[in-house]
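Protein chains in written order, with this note's numbering: chain A, 18 to 299; chain B, -14 to 472.
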């Protein structure tokens, strides 16, 4: 009987060893923790500069309210959707460093790069797409070449500057105090919206509030360079703001087939859906 | 030791614990065996790791071979490639292997058309072959070497439009598996419907007529006869006892073909576990010819074959050579296959019977078998002598034809049996005049697939699932009963 107990003990020891091996195997099988491309946090970035060959650089800066503003080539609020896409590069984990004895950057189209972006002091240069691995692109960071899974980074960065402008003509979170259109004039007096002219005096506060909200949420489906054509303007809309934001005017270029409102001072025009004509102008 | 109730319980607990622990150990080992493997090659210096097929192929390749492996460093790709190629390098020392990380040379990758990580490019005599299979196997590499060793694109054209066996079809009746193998070794395989107004391509190396069921149109027959008579094209003609000549009587007359009536019955097939309707060819059934060389110890199976006789007319310059001959005990059954099938004197045709012939004809010469030949009236007068079976005449182009009285042997249903695939490949290599490749076996490893007959499957299933457990349980019960009696 003692012999039997010894055999069972030996089996227990073997089981212990095998279980240890199983745990070791499971640990080995765990996927390696991926390191992000940079230690920088997207929320801490204050400046972005995008450079493309034979094109003016696009300069973006975060303001005190935390909104991204384009400083060049246009001075307008920036499209945060695209900015956030760009900033994802910092935390990208799907990349591979290329081990090479010598760097011939030209063969990867990294000298000069197709496009480069600088987040504060962190620069990423984008080159050619890999002919082998789908969706992977060569990038240069700190003199090292990586193969990066390109989640539309290159497409976003190689956009025209107009595509990086915020689509709302009034910018981010506008605190409007007065709107003057060819059809009506309303103003904020003592915290309450009142009709100065053009609209019925019986219009309710809710309807006025809805009108203001329509203006605040109005969004273009594209932005184009401003093209001045004599005699086509159908009037102007003047905006005043509560905070120190300067007043500006929007020129009504057309109301069909699309509503086109221009900012001649900024050199752009906003193309909005025709359904907004009634909601905003009449 | 005094056996008390307590000791009895202890023993029972001990035994149960042992069983449980043993099952746990076995389970853990089974789980770990899925994750880890150990391979040990016990051959001396791994000399026998390369198959005969690969060695034969390498022996035909006299110039250096360069293999460039576009494989990145960070996985096991390179290790697998290195292991496989090293076997070839031991046999042929002028094979060079270079590794290139494809991600570091994008322009080279584009230039050379590399598409996947782990792709090999084999360069030989100025020709290149890409190999994209992963993991790499010896079969893949040997097939690629065979393709790159061929000096030109060998086009094989299968006639279609009359119910022929389809080289791209997946039915049991079709010949797609054989066609895939032909492509693997460097042939280009196409189908051709003469009824669509297209002629036989000029660069056709071999035309295959694989048992048409419907009659060919007169125009189609004329095209085929022109291909044979004027263009001296090579032909593989597969017949079937259940199907007529489909209008190809002029071709049959040209070569002196007679299809014997009935279907061959081969009693020796029963010894091998097959139906007597299946003709078994082995050893002496393979006649002396480059195609059958090396098949002496192999078995080929031909379900439902017809005997054929080829006696070329004197005015045609064909030299015929039987390829496959049945056992003398076989006969051609001409009566109905009802009840007991047996040889009927005077009615059936006694064996041995030929079921395949190889024919050759030199261009511009008329030959009589085994005799000195004289040129035809249209050619310059010159006497030519020829050995009866040596068809490699370097001075004159040679036309080649194979006629087989059975076509199922190359169908998807039967091509995997015995040496059928091997035979099909050798026939095609000979017809394409790739005499160097005739001796190269089709598979680097024999018996890669294990096929059991339905009876064998039932037997094995019953044995392991029912019989063996019942026997073991019974033995266990008997031992337990005996021990109890002793106690």
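Heads up, the beta-carbon is just placed ideally off N, CA and C, and yes, glycines get one too.
{"query": "Interface residues of the stretch 14 to 26 of chain B facing chain A [CB-CB below 9 Å]", "result": "14, 16, 17, 20 and 21"}
{"query": "Contact check, residue 490 of chain B vs residue 55 of chain B, beta carbons under 9 Å", "result": "There is simply no residue 490 of chain B to check, as chain B begins at -14 and stops at 472 in what is shown."}
{"query": "CB contact below 9 Å: residue 9 of chain B versus chain A", "result": "yes"}
{"query": "Residues that residue 116 of chain B contacts on chain A, provided the C-beta gap is smaller than 8 Å", "result": "Under the 8 Å cutoff, chain A gives no residues; its nearest Cβ is about 16 Å from residue 116 of chain B."}
{"query": "Test: residue 284 of chain B CB closer than 9 Å to a CB of chain A", "result": "no"}
{"query": "Residue environment, residue 143 of chain B, which counts as buried when at least 16 other CB atoms sit within 10 Å", "result": "buried"}
{"query": "Min CB distance residue 156 of chain A to chain B below 9 Å", "result": "no"}
{"query": "Beta-carbon gap between residue 222 of chain B and residue 412 of chain B smaller than 9 Å", "result": "no"}
{"query": "Sheet register partners of residue 46 of chain A (DSSP bridge)", "result": "Its beta-bridge partners do not exist; DSSP assigns none."}
{"query": "Best match in A:189, A:219, A:240 and A:291 for proximity to residue 83 of chain A [C-alpha to C-alpha]", "result": "A:189"}
{"query": "Sufficient close CB pairs (3 or more, under 8 Å) joining the stretch 174 to 181 of chain A to the stretch 106 to 123 of chain B", "result": "no"}
{"query": "Neighbourhood of residue 106 of chain A by C-beta distance below 7 Å, restricted to the same chain and skipping five residues each side", "result": "54, 141 and 170"}
{"query": "Nearest-angstrom Cα separation, counted from residue 465 of chain B out to residue 472 of chain B", "result": "11 Å"}
{"query": "Residue 228 of chain B versus B:79, B:3 and B:198, residue with shortest Cα-Cα distance", "result": "B:198"}
{"query": "Neighbouring residues, chain B, relative to residue 132 of chain A (Cβ below 7 Å)", "result": "Correct list: empty, because the minimum Cβ distance to chain B is about 18 Å."}
{"query": "Residue 453 of chain B to residue 25 of chain A span [Cα, whole Å]", "result": "28 Å"}
{"query": "Cutoff 7 Å; reference residue 205 of chain B; Cβ partners in own chain excluding five residues on either side", "result": "179 and 180"}
{"query": "Residue ranges of each beta strand (DSSP E) within the stretch 132 to 186 of chain B, 3 or longer", "result": "139 to 144 and 172 to 177"}
{"query": "Residues sharing a beta bridge with residue 108 of chain B, DSSP", "result": "B:51 and B:113"}
{"query": "Neighbourhood of residue 205 of chain A by C-beta, 6 Å cutoff - its chain only, sequence neighbours within 5 removed", "result": "194"}
{"query": "Straight-line Cα distance separating residue 235 of chain A from residue 256 of chain A", "result": "14 Å"}
{"query": "Alpha carbon of residue 262 of chain B to alpha carbon of residue 245 of chain B, nearest angstrom", "result": "16 Å"}
{"query": "From A:178, A:71 and A:145, residue whose alpha carbon lies closest to that of residue 121 of chain A", "result": "A:145"}
{"query": "For residue 98 of chain A, the residue or residues it bridges with in DSSP", "result": "BP columns for residue 98 of chain A are empty, so no partner."}
{"query": "Exposure of residue 282 of chain B, with buried meaning 16 or more beta-carbon neighbours within 10 Å", "result": "exposed"}
{"query": "Alpha helix (DSSP H) runs wholly inside the stretch 230 to 255 of chain B, at least 4 long, in chain order", "result": "234 to 240"}
{"query": "Same chain only: Cβ atoms within 6 Å of residue 251 of chain A, ignoring 5 sequence neighbours per side", "result": "269"}
{"query": "CA-to-CA distance, residue 156 of chain A to residue 92 of chain A, given in whole angstroms", "result": "29 Å"}
{"query": "Cβ-Cβ separation, residue 47 of chain B to residue 73 of chain B (assumed contact under 8 Å), whole Å", "result": "No, residue 73 of chain B and residue 47 of chain B are not in contact; Cβ-Cβ is about 15 Å, not under 8 Å."}
{"query": "Extent of the continuous beta strand (DSSP E) run through residue 90 of chain B", "result": "From DSSP, residue 90 of chain B is part of no beta strand (DSSP E); its letter is neither H nor E."}
{"query": "Chain B residues whose Cβ lies nearer than 7 Å to that of residue 125 of chain A", "result": "91"}
{"query": "Beta-carbon separation (whole angstroms), residue 89 of chain B vs residue 87 of chain A, contact threshold 8 Å", "result": "The Cβ separation is near 37 Å, so there is no contact."}
{"query": "Contact with chain A by residue 219 of chain B, beta-carbon distance below 9 Å", "result": "no"}
{"query": "Alpha-carbon spacing of residue 15 of chain B relative to residue 399 of chain B, whole angstroms", "result": "37 Å"}
{"query": "Proximity test, Cβ basis, 9 Å: residue 6 of chain B and chain A", "result": "yes"}
{"query": "Short CB-CB distance (under 9 Å) between residue 58 of chain B and chain A", "result": "yes"}
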